[in-house]
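Each remark here refers to the structure printed beneath this line.
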Amino acid sequence: MKRSMHSSPSHIREPLNPKKRKSADFANDDNSQPPWRTTNSRSSLQDRITYPSPEKRASLDDSPPRSSKFQKEANKRKRRFETEYKAFRSPSPPPPSSGPITGTCEVLEKKYLRLTAPPVPSKVRPERVLRQTLDLLKKKWKRESNYSYICDQFKSMRQDLTVQHLKNDFTVSVYEIHARIALEKGDIGEYNQCQTQLRSLYALGLKGNPIEFKAYRILYFIHTANRTGLNDTMADLTAAEKEEKPIKHALEVRSSLALGNYHKFFQLYLDTPNMGAYLMDMFVVRERLAALCNICRAYKPDVKLRFITEELGFESDADAAQFIIDHQGQHLLEDRTDYIAFLTGKAGSLFEGARSAAFRKVDIKGQI
């Protein structure tokens with residue numbers, strides 16, 4: 072009897088859905104393997120590969136790599152080149168020593184040349200020769216006053232002292248003399264270089280004129296309007312040093328400018344010790360302009376030219392008149408019956424502009 076197509080569901084086998092993923096619980100079931108995988112009795116490709124034994128493998132690793140004929144020739148040429156280079160190569164010179172040298176040059180006058188290689192003793196003068204050179208240069212300066220030549224010779228002397236590491240009283244005298252000559256000629260760059268070295272030499276306790284050059288240092292910082300440097304220099308002064316005439320004068324110059332007392336300032340300018348006047352010359356013009364502006368505001372409509380001469384520290388009325396003319400103020404001078412008048416009432420705006428321009432920029436060369 073044929074079974075009905077509507078038999079119970081338990082007797083009907085549902086077809087497998089090929090898109091459904093198998094559960095992980097049955098991933099390793101042997102029944103899930105296809106027949107052709109389980110019935111294949113032949114070995115796989117991995118099983119059919121024959122590997123060398125461990126002993127054979129070790130011997131293969133130890134064997135040197137075979138090199139081609141071209142590689143052998145290249146190695147041969149390389150070895151031949153290295154042999155020939157070592158045979159004919161000049162020995163390397165020993166590295167130059169950074170320590171001091173002792174000069175052997177006997178020439179008194181020598182032109183300054185910037186060092187581009189380690190110094191050679193045969194081109195450096197020892198201290199004995201340098202002392203003779205200094206005496207010669209002092210005589211030539213008094214006789215000829217050729218600053219270009221003297222500056223070049225002093226720079227050459229300073230270079231010989233430096234490469235020999237000479238730091239003694241003679242070194243101090245060389246730098247002091249060069250600094251004074253540079254001040255006299257207005258060479259602020261060379262002066263600053265000497266002043267910087269002198270400061271370190273004085274710190275070693277060497278003899279010299281530290282009071283003189285400390286006073287110069289104060290005046291220089293006034294010129295450059297360097298308040299930080301000025302305050303640091305003043306802080307380093309001892310009570311005894313402040314009573315020394317050059318330093319006391321420099322401190323009074325600073326005080327008179329801080330208080331706006333131009334009358335006191337120009338009195339100090341006319342009575343400057345040592346060579347401080349050369350430094351004050353560098354900023355006296357701007358201070359005269361500032362003082363002249365104050366006079367124009369305080370005295371109107373005019374003052375005698377003689378009054379300007381005395382108050383601003385000029386040597387003569389002609390110098391005072393020339394100062395006014397140099398600043399485009401010739402129309403402010405009026406010839407009266409028995410004197411020359413300066414028209415202060417009309418000069419205010421002109422000299423205010425000149426004062427502002429003078430204080431706007433300070434030329435600093437070789438800053439200390």
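Each number in the numbering used here corresponds to the 1-based position in the sequence shown with 71 added.
Yeah, the Cβ is synthetic: ideal placement off N, Cα and C, and Gly gets one too.
Test item: CB-CB of residue i and residue j under 8 Å
i: V200; j: L184; result: no
i: R426; j: L360; result: yes
i: A392; j: L383; result: no
i: F413; j: D373; result: yes
i: L232; j: V243; result: no
i: Y340; j: V355; result: yes
i: L308; j: G347; result: no
Buried or exposed (CB count within 10 angstroms, at least 16 for buried), residue i
i: E314; result: exposed
i: R214; result: exposed
i: I293; result: buried
i: T15; result: Outside the displayed range of the chain (72 to 439) lies residue 15, so it cannot be described from this structure.
i: S387; result: exposed
i: D258; result: buried
i: L330; result: exposed
i: S327; result: buried
i: L186; result: exposed
i: L350; result: buried
i: G174; result: buried
i: T299; result: exposed
i: T304; result: buried
i: Q264; result: buried
i: H398; result: buried
i: A98; result: Confidence at A98 is low in this model, with a pLDDT of 48, below 50, so the placement of that residue should be treated as unreliable; the coordinate-derived value is given next. So A98 counts as exposed.
Start-to-end residues for the alpha helix (DSSP H) that takes in residue i
i: F337; result: 333-340
i: K285; result: 281-295
i: G174; result: No alpha helix (DSSP H) holds G174; DSSP gives it neither H nor E.
i: T299; result: 298-306
i: M351; result: 347-351
i: T267; result: 259-274
i: K313; result: 310-313
i: P317; result: 316-330
Extent of the continuous beta strand (DSSP E) to which residue i belongs
i: D440; result: The first residue shown for the chain is 72 and the last is 439, placing residue 440 beyond what the model contains.
i: A58; result: It is not possible to answer for residue 58, since the shown part of the chain is limited to 72 through 439.
Backbone secondary structure at residue i - three-state DSSP
i: R431; result: helix
i: K238; result: coil
i: K375; result: strand
i: D96; result: Reliability fails at D96, whose pLDDT of 45 lies under 50, so the model's placement of it is uncertain and the value that follows must be treated cautiously. Note: D96 maps to helix in three-state DSSP.
i: S112; result: Only weak support exists for where S112 lies, its pLDDT of 49 falling under 50; the value from the coordinates is given anyway. Residue state, collapsed to three classes: coil.
i: D388; result: helix
i: K194; result: helix
i: L254; result: helix
i: F354; result: coil
Three Cβ pairs or more, each shorter than 8 Å: is that satisfied between the region 218-234 and the region 249-265?
In short, these stretches touch, since the Cβ pair count reaches three.
With contact counted as at least three CB pairs below 8 Å, one residue from each stretch, are the region 206-215 and the region 140-147 in contact?
Taking 8 Å as the limit for Cβ pairs, the verdict is that the region 140-147 does not touch the region 206-215.
Using 8 Å as the threshold, is the region 365-375 in touch with the region 261-276, meaning 3 or more CB pairs across them?
With the cut-off at 8 Å, the region 365-375 and the region 261-276 do not touch.
Within the chosen definition, does the region 314-329 reach the region 280-291 through at least 3 CB pairs nearer than 8 Å?
Cβ pair count under 8 Å is three or more, so yes.
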